[in-house]
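Engineer: Letter 359 of the sequence shown, counting from 1, is numbered 481 in the numbering used here, and no numbers are missing.
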Amino acid sequence: MKRRTHTCGQLRKSDVGQTVHLQGWVHRRRDLGGLLFVDLRDRYGKTQLVVHPEESPDLAKHAHELHAEWVIEIDGIVMARPDGMINKDMPTGEIEVKITELTVLNRCLPLPFQLDEAAKATEELRLKFRYLDLRRPEMQETLLLRHKIANVVREHFTGEGFAEIETPFMIKSTPEGARDYIVPSRVFPGQFYALPQSPQIYKQILMIAGMDRYFQIVRCFRDEDLRSDRQPEFTQVDVEISFADQDMVFATAERLFVKILRAGWGVDITTPFPRLKYKDVMETYGSDKPDLRFGLPFSNLTDHFRQTEFRIISSAIESGGAVIGLCVEGQAGLSRKEISDLEELAKSSGLMGILPLKLTAEGFAGSLVGKVADDDLRKAAAAVKAKPGDLILMAFGKKSEILKGLGVFRRKLADRFHLFDPNSHENPSLFWVVDFPLFERDEETGEVSPSHHPFTGWNREDDHLLDTEPWNVRSTAYDLVMNGSELISGSIRIHDPEQQAKVFQMLNIAPEIAELRFGFLLEALRYGAPPMGGLAIGFDRTIMALTGGSIRDVIAFPKTNLAQSLMDGCPSQVDPQLLKDLYITVNPPK
Ligand code: ASP
Numbered sequence: 123m124k125r126r127t128h129t130c131g132q133l134r135k136s137d138v139g140q141t142v143h144l145q146g147w148v149h150r151r152r153d154l155g156g157l158l159f160v161d162l163r164d165r166y167g168k169t170q171l172v173v174h175p176e177e178s179p180d181l182a183k184h185a186h187e188l189h190a191e192w193v194i195e196i197d198g199i200v201m202a203r204p205d206g207m208i209n210k211d212m213p214t215g216e217i218e219v220k221i222t223e224l225t226v227l228n229r230c231l232p233l234p235f236q237l238d239e240a241a242k243a244t245e246e247l248r249l250k251f252r253y254l255d256l257r258r259p260e261m262q263e264t265l266l267l268r269h270k271i272a273n274v275v276r277e278h279f280t281g282e283g284f285a286e287i288e289t290p291f292m293i294k295s296t297p298e299g300a301r302d303y304i305v306p307s308r309v310f311p312g313q314f315y316a317l318p319q320s321p322q323i324y325k326q327i328l329m330i331a332g333m334d335r336y337f338q339i340v341r342c343f344r345d346e347d348l349r350s351d352r353q354p355e356f357t358q359v360d361v362e363i364s365f366a367d368q369d370m371v372f373a374t375a376e377r378l379f380v381k382i383l384r385a386g387w388g389v390d391i392t393t394p395f396p397r398l399k400y401k402d403v404m405e406t407y408g409s410d411k412p413d414l415r416f417g418l419p420f421s422n423l424t425d426h427f428r429q430t431e432f433r434i435i436s437s438a439i440e441s442g443g444a445v446i447g448l449c450v451e452g453q454a455g456l457s458r459k460e461i462s463d464l465e466e467l468a469k470s471s472g473l474m475g476i477l478p479l480k481l482t483a484e485g486f487a488g489s490l491v492g493k494v495a496d497d498d499l500r501k502a503a504a505a506v507k508a509k510p511g512d513l514i515l516m517a518f519g520k521k522s523e524i525l526k527g528l529g530v531f532r533r534k535l536a537d538r539f540h541l542f543d544p545n546s547h548e549n550p551s552l553f554w555v556v557d558f559p560l561f562e563r564d565e566e567t568g569e570v571s572p573s574h575h576p577f578t579g580w581n582r583e584d585d586h587l588l589d590t591e592p593w594n595v596r597s598t599a600y601d602l603v604m605n606g607s608e609l610i611s612g613s614i615r616i617h618d619p620e621q622q623a624k625v626f627q628m629l630n631i632a633p634e635i636a637e638l639r640f641g642f643l644l645e646a647l648r649y650g651a652p653p654m655g656g657l658a659i660g661f662d663r664t665i666m667a668l669t670g671g672s673i674r675d676v677i678a679f680p681k682t683n684l685a686q687s688l689m690d691g692c693p694s695q696v697d698p699q700l701l702k703d704l705y706i707t708v709n710p711p712k
């Protein structure tokens, strides 16, 4: 086989007259009576090939048989396109290649979906024929962007003195709150390795080993119910720094994100990023990862309605609930139908309902007028900073529930009223969330679990709360949120073995069990562990944030929501002998 002289994205007007050899896929064949055109495609672009049937009837006959996605090679001569046929949108749009010889290297079966019409194909079909889907230029661009950003990451950390060190995939479990994927040992029947949910313990041990600054672009595995932005195996940029404080960790991550957004979008962002307290973002936006490209902050209005006789509100408050409101600027003119649509939107966000109140130039309007004292309404309007022309929306009920519902509702309101342009890359919103609680308490069982992971330190000012109100202890964990998506999470760690043992004890992990599961870490901490902190960047999510695509679009070979790979058909049964060798019997549910 001859080697190509150029790729399909390379030829320009200055190449006119050259004899070339090109190889690639038939993107499209068009028969325009007198002329036959073939668009030849590869990763680098498309080049228009042309055959003149009256000049070369045999060649035309041959070219006529070509179909989409056949692999061909051609010899030809680069010609300038006639004036009316220049395509300014195509880098090769000023030329075409007149074929002198054509060889079919491989044929293609009838396509399960047309590449140009992939949007019409089901995702199952696209995943099953992933190699076809990945031939699409958009998909290739995403993989190439991913590669580019991975290079930015490697250069950044290398430049700042970090070393990339691989940690094992077959490990003793590292808990990140999900279920482990496990690998059976043949040599030790009945014993298992876990695939890492993250390299957390290993990177801490690298700090104890004196490696000082570590990073790794690494696959992590978590067996959990998959949500839209999750995959059972996903990639993190894992980072750890010895003798670190929060400012140091934030600064290196901020410098990286400046480079990522410059490389990905060509935008310049300013640092340092704002730091918001967990409690404040939860109370103001109902989420620990609010999208702050738009406003719509909440105000707690409970105190303004304590005297009200309006039953729905007073009974909610009497039973310990809250009234929380927000103001939608300039929307006091909505019709009754539009208001009732908003009520539906509130319900689909998990709220029981929403109380609308319009502030017009003539005063308040809406169903609350007359039922709630004007003075109370005035105070509520002042609290949400409403002006004449604005619409006030209020939710009432159990505080934690309405905050959560309003958080979802707020995002939907932003879409409904076009409060920001989701496709604009200008002014992305990036901020840190700090002062997360160290523990979460299950409202029903009362059980505490780590909000981040059990190796996260806490704010020593809260020592006195550890035994009495552990859920009020502030941790040293942090997240970075960009445009409503959590891209980083990390913490300053515990480096004192006694404190680490204390956290295990608070998590109700008996000392023997802690010894069994984490004994090696506790032991390592006793051999001179430096203070340390770090973070992990969700790499797939970062690429998603840059492209706006789904998580399955940014991973070459992703899995479905049921953790299946449709292309190769896994998971699947294995050779019974393999199970025998591992002393494993399978008892599937009936
Ligand atoms: N291991 C953590 C995670 O995967 C990140 C960190 O604390 O560095 O979320």
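Just so it is clear, CB atoms sit at the ideal spot from N, CA and C, and this is done for glycine as well. Computed from a predicted model, the values in this text were never measured in an experiment.
Going by CA-CA distance only, name the one from 625, 355 and 175 that's closest to residue 303.
Structural biologist: Of the listed residues, the one whose Cα sits closest to residue 303 is 355.
Engineer: Identify every residue that forms a DSSP beta bridge with residue 143.
Structural biologist: 197
Engineer: Where does residue 626 fall in DSSP's three states?
Structural biologist: helix
Engineer: Should the region 309-322 be regarded as contacting the region 641-653, the criterion being three or more beta carbon pairs within less than 8 Å?
Structural biologist: The region 309-322 vs the region 641-653: no contact.
Engineer: Any heavy atom of the ligand ASP within a distance shorter than 8 Å of the CB on residue 68?
Structural biologist: Not covered by the structure: residue 68. The range shown for the chain is 123 to 712.
Engineer: With distances taken Cα to Cα, identify the nearest neighbour of residue 472 among 150, 376 and 532.
Structural biologist: The option with the nearest alpha carbon to residue 472 is 532.
Engineer: If distances are taken between C-alpha atoms only, which option among 550, 358, 498 and 345 comes closest to residue 383?
Structural biologist: 550
Engineer: Starting from the C-beta of residue 335, find all residues in its chain whose C-beta is less than 6 Å away, skip the five residues before and the five after it, and write them out in chain order.
Structural biologist: 283, 284 and 363
Engineer: How would you call residue 702, buried or exposed, if buried means at least 16 neighbouring beta carbons within 10 angstroms?
Structural biologist: exposed
Engineer: Helix or strand or just coil, what does DSSP make of residue 368?
Structural biologist: helix
Engineer: Take residue 561 as the anchor and find which of 572, 419 and 222 has the nearest alpha-carbon.
Structural biologist: The option with the nearest alpha carbon to residue 561 is 572.
Engineer: By Cβ distance below 6 Å, which residues in the same chain neighbour residue 639 in space, the five residues on each side in sequence not counted?
Structural biologist: Excluding sequence neighbours, residue 639 sits near nothing in its chain.
Engineer: Does the Cβ-Cβ distance between residue 181 and residue 173 come in under 9 Å?
Structural biologist: yes
Engineer: CB of residue 612 to nearest heavy atom of the ligand ASP: below 8 Å?
Structural biologist: Yes; taking the cut-off as 8 Å, the Cβ of residue 612 has a heavy atom of the ligand ASP nearer than that.
Engineer: Within 8 Å: the Cβ of residue 360 and any heavy atom of the ligand ASP?
Structural biologist: yes
Engineer: Within the present structure, is the beta-carbon of residue 483 separated from the nearest heavy atom of the ligand ASP by less than 8 Å?
Structural biologist: no
Engineer: Verify the contact flag: residue 325, CB atom, against every heavy atom of the ligand ASP, threshold strictly below 8 Å.
Structural biologist: Residue 325 Cβ: within cutoff of the ligand ASP.
Engineer: From 259, 499 and 226, pick the residue whose C-alpha is nearest to that of residue 240; which is it?
Structural biologist: 259
Engineer: Rounded to a whole number of angstroms, what is the C-alpha to C-alpha distance between residue 391 and residue 666?
Structural biologist: Cα-Cα distance, rounded: 19 Å.
Engineer: Taking just the CA atoms, how far does residue 675 sit from residue 662?
Structural biologist: 9 Å
Engineer: Tell me the DSSP bridge mates of residue 600?
Structural biologist: 612
Engineer: Please state the DSSP three-state secondary structure of residue 302.
Structural biologist: Assignment of residue 302 by DSSP, reduced to helix, strand and coil, places it in the coil class.
Engineer: Would the C-beta of residue 131 count as close to the ligand ASP, meaning under 8 Å from any of its heavy atoms?
Structural biologist: Every heavy atom of the ligand ASP is 8 Å or more from the Cβ of residue 131, so no.
Engineer: Quick one: complete beta strand (DSSP E) runs, 3+ long, within the region 370-438?
Structural biologist: Along the region 370-438, the beta strand (DSSP E) occurs as fully enclosed runs of 3 or more residues at 397-399, listed in sequence order.
Engineer: Is the beta carbon of residue 692 within less than 8 Å of some heavy atom of the ligand ASP?
Structural biologist: Residue 692: no, Cβ never under 8 Å from the ligand ASP.
Engineer: Residue 608 and residue 294 look like a contact to me (Cβ under 8 Å); what is the Cβ gap, rounded to whole Å?
Structural biologist: In fact, because the Cβ distance is near 27 Å, the residues do not count as touching under 8 Å.
Engineer: Using the beta-carbon count (16 or more within 10 Å), is residue 435 buried or exposed?
Structural biologist: Using a 10 angstroms sphere on the CB of residue 435, the tally of other CB atoms reaches 16 or more, which defines it as buried.
Engineer: Rounded to whole angstroms, what is the Cα-Cα separation between residue 629 and residue 469?
Structural biologist: 36 Å
Engineer: Can the beta-carbon of residue 222 be found less than 9 Å from the beta-carbon of residue 196?
Structural biologist: yes
Engineer: If you measure between the beta carbons of residue 519 and residue 409, is that distance less than 9 Å?
Structural biologist: no
Engineer: Give me the Cα-Cα distance between residue 526 and residue 579, rounded to the nearest whole angstrom.
Structural biologist: 27 Å
Engineer: Is the region 545-559 touching the region 385-399 in the sense that three or more CB pairs, one from each, lie closer than 8 Å?
Structural biologist: yes
Engineer: Would DSSP call residue 318 helix, strand or coil?
Structural biologist: coil
Engineer: What span of residues does the beta strand (DSSP E) with residue 222 cover, start to end?
Structural biologist: 217-228
Engineer: Count the other CB atoms, across all protein chains shown, that sit within 10 Å of the CB of residue 695; report buried if there are 16 or more and exposed otherwise.
Structural biologist: exposed
Engineer: Would a C-beta distance cut-off of 9 Å place residue 556 and residue 593 closer than the cut-off?
Structural biologist: no
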